[in-house]
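Here is the structure we will look at, set down as structure tokens.
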Amino acid sequence: MEYDTREKIEPLGTIDPEIDAFIKAHPMPSFGSTQDVMREMMEAAKTARQDSDVEYSIKIPMRDGYQSETRIHKPSSPDGKHPVLVFVYGGGFIMGDCTQLSPYARIAAKLFNAVVVNISYRLAPAHKFPTAPNDVWDSLK
Numbered sequence: 001m002e003y004d005t006r007e008k009i010e011p012l013g014t015i016d017p018e019i020d021a022f023i024k025a026h027p028m029p030s031f032g033s034t035q036d037v038m039r040e041m042m043e044a045a046k047t048a049r050q051d052s053d054v055e056y057s058i059k060i061p062m063r064d065g066y067q068s069e070t071r072i073h074k075p076s077s078p079d080g081k082h083p084v085l086v087f088v089y090g091g092g093f094i095m096g097d098c099t100q101l102s103p104y105a106r107i108a109a110k111l112f113n114a115v116v117v118n119i120s121y122r123l124a125p126a127h128k129f130p131t132a133p134n135d136v137w138d139s140l141k
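Residue numbers (the UniProt record's numbering): 1 to 141.
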């Protein structure tokens, strides 16, 4: 069947009665606020330790003068030739910080003998759009 009209496509959005009954009989458990759950997960990830050889924070100036925290993870090998990986944490521009991906950055630094840069951005709603994506772009420059 070709789905070339609205009338042909709309029935695809109708939920199967058997699935509908199952979903109603087995509701998803409540985990509280999505933001609360995400914060707990981020805090738990921070405690997972696998140290990089060298780890420190720097500040990067943004276009408006704000100093954005950036976390650097790197191997201690002296050759100075390392790939660079840039990590931008998830959080929909409303939650998180540059330490959120540190457990993964530590692993990547060791695994790939790489310098891993965890950049940060200011969060909404305290900072209006396009502040967060501008911060990401400014950090990449």
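Cβ coordinates follow ideal geometry from the N, Cα and C atoms, glycine included.
If you're wondering where the values come from, they're calculated on a predicted model, not measured in any experiment.
Item	Value
P130 to A25 span [Cα, whole Å]	43 Å
Through-space distance from N118 to I72, alpha-carbon basis	6 Å
S57 beta carbon less than 9 Å from that of N113	no
Nearest residue (CA-CA) to V84, options W137, P75, G90, G91	P75
Cα-Cα separation, C98 to S120	5 Å
Limits of the alpha helix (DSSP H) - the one that K12 falls within	The identity of residue 12 in the sequence shown is Leu, whereas the question assumes Lys. From DSSP, L12 is part of no alpha helix (DSSP H); its letter is neither H nor E.
Alpha helix (DSSP H) segments (min. 4 residues) lying fully within the UniProt domain "Alpha/beta hydrolase fold-3" (85 to 141)	102 to 112, 131 to 140
Coarse secondary structure for E2, derived from DSSP in three states	coil
Opposing strand residues paired with Q67 [DSSP bridges]	P61
Among P61, R63, I94, nearest to A124 - alpha-carbon criterion	I94
Cβ-based neighbour list, G91, same chain, cut-off 6 Å, excluding 5 preceding and 5 following	none
For V116 and A108, believed in contact at Cβ under 8 Å, the rounded distance	5 Å
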